[in-house]
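Chains as they are written, first to last, in the working numbering: chain A, 373 to 484; chain B, 1074 to 1186. Just so you know, even glycine gets a beta-carbon here, dropped at the ideal spot from N, CA and C. Model, not experiment: these values are computed from the prediction. I have placed the structure first, in the form of structure tokens, so that the comments after it can refer back to it.
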Amino acid sequence: DAKTTQPPSMDCAEGRAANLPCNHSTISGNEYVYWYRQIHSQGPQYIIHGLKNNETNEMASLIITEDRKSSTLILPHATLRDTAVYYCIAPLSNFGNEKLTFGTGTRLTIIP
Amino acid sequence: NAGVTQTPKFRILKIGQSMTLQCAQDMNHNYMYWYRQDPGMGLKLIYYSVGAGITDKGEVPNGYNVSRSTTEDFPLRLELAAPSQTSVYFCASSTTRDSGWAFFGQGTRLTVV
Chain A
373 DAKTTQPPSM DCAEGRAANL PCNHSTISGN EYVYWYRQIH SQGPQYIIHG LKNNETNEMA
433 SLIITEDRKS STLILPHATL RDTAVYYCIA PLSNFGNEKL TFGTGTRLTI IP
Chain B
1074 NAGVTQTPKF RILKIGQSMT LQCAQDMNHN YMYWYRQDPG MGLKLIYYSV GAGITDKGEV
1134 PNGYNVSRST TEDFPLRLEL AAPSQTSVYF CASSTTRDSG WAFFGQGTRL TVV
């Protein structure tokens, strides 16, 4: 797995876009970037993933730099329910990876 | 579909007791994982399995054992419980084709006293 680095905490005003960065400078060509979030003590929930193109779904957008060394998860209009810990991971490969490891993530607090 | 189901949700154990945390998934996923999460910390991988009959150690396997006799079930066994095993335990599963996209259970909160 590529090592990922995230800021330990961030704040964002309600209604604004939350931009969560992740550094994965050791990522290899076939490693996807995945984002999860964990609300309070619930099980983590998958948000989005990508390889090199930007991705968007109903939850968020994922911007991956051209050199793939970093990415940004964007929550376009943050709500109080987006307060959670967000994890960025880069497993060895999208196909056949067995060891799924997580770091400590970014604790995002949405401010009313 | 129920997804990933963990039982029990809560449990208090005395030091030295043993127990099995149950995990079942109904999505026919080959990959299954066990994590522990201590208060305020991230997820630590305990054991994982790539299919029935195949298991391997993760980052923190000491004090735990697993088995995988079926695709659906992946129980985690704690032998001789210690206070250091007080934690929230999460089970997850994923497909072979998209193994980074994991589905998590709601967790088992274990306290060892």
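Judged by beta-carbon spacing, Ile1088/B lies within the 8 Å limit of Ala1154/B, meaning their Cβ atoms are closer than that value. Apart from the 5 residues on each side of it in sequence, Asn395/A sits with its Cβ closer than 8 Å to the Cβ of Thr376, Thr377, Gln378, Lys441 and Ser442 in its chain, given in chain order. Here the C-alpha atom of Asp1129/B lies approximately 15 Å from the C-alpha atom of Cys1164/B.
Within chain A, Thr476 have C-beta atoms less than 9 Å from the C-beta of Met1114/B, given in sequence order. DSSP places Gln1098/B in the uninterrupted beta strand (DSSP E) bounded by Met1092 to Gln1098.
In terms of beta-carbon proximity, Ile399/A stays away from the interface with chain B, with every pair separated by 8 Å or more. A Cβ-Cβ separation of about 4 Å places Gly1178/B in contact with Gln1079/B under the 8 Å criterion. Under the 8 Å criterion on CB atoms, Trp1107/B is classed as non-interfacial with respect to chain A.
When the alpha-carbon of Pro484/A is set against those of Asp454/A, Ile436/A and Gly422/A, the nearest one is in Asp454/A.
Straight-line spacing of the CA atoms in Leu1118/B and Tyr418/A works out to 17 Å. Under the three-state reduction of DSSP, Pro393/A is assigned to strand.
Just so you know, the alpha carbons of Leu464/A and Val405/A end up roughly 10 Å apart.
With a threshold of 16 other beta carbon atoms within 10 Å, Pro416/A meets it and is buried. Residues of chain A with a Cβ closer than 9 Å to the Cβ of Glu1132/B are, in chain order, Lys471 and Thr473. In this structure, Cys384/A is the residue among Cys384/A, Ser400/A and Ala374/A with its C-alpha nearest to the C-alpha of Leu480/A. Looking at Lys424/A, Gly422/A and Ser381/A, the one whose alpha-carbon comes closest to that of Gly1113/B is Ser381/A.
For Ser1160/B, there are no neighbours in chain A by C-beta distance under 9 Å, as the nearest C-beta there is about 11 Å away. Taking the beta carbon of Leu1118/B as reference, the chain A residues within 9 Å of it are Lys471, Leu472, Thr473 and Phe474, listed in sequence order.
In chain order, Phe1163, Phe1177, Gly1178, Gln1179 and Gly1180 make up the part of chain B whose C-beta sits under 7 Å from the C-beta of Gly415/A. Listed as beta-bridge partners of Met1105/B by DSSP are Ser1122/B and Ser1166/B.
Judged by DSSP in its simplified three-state form, Ser381/A adopts strand. Using a 10 angstroms sphere on the CB of Ala1075/B, the tally of other CB atoms stays under 16, which defines it as exposed.
Within a 10 Å sphere around the beta-carbon of His412/A sit fewer than 16 other beta-carbons, which makes this residue exposed. Under the 8 Å criterion on CB atoms, Ser1172/B is classed as interfacial with respect to chain A.
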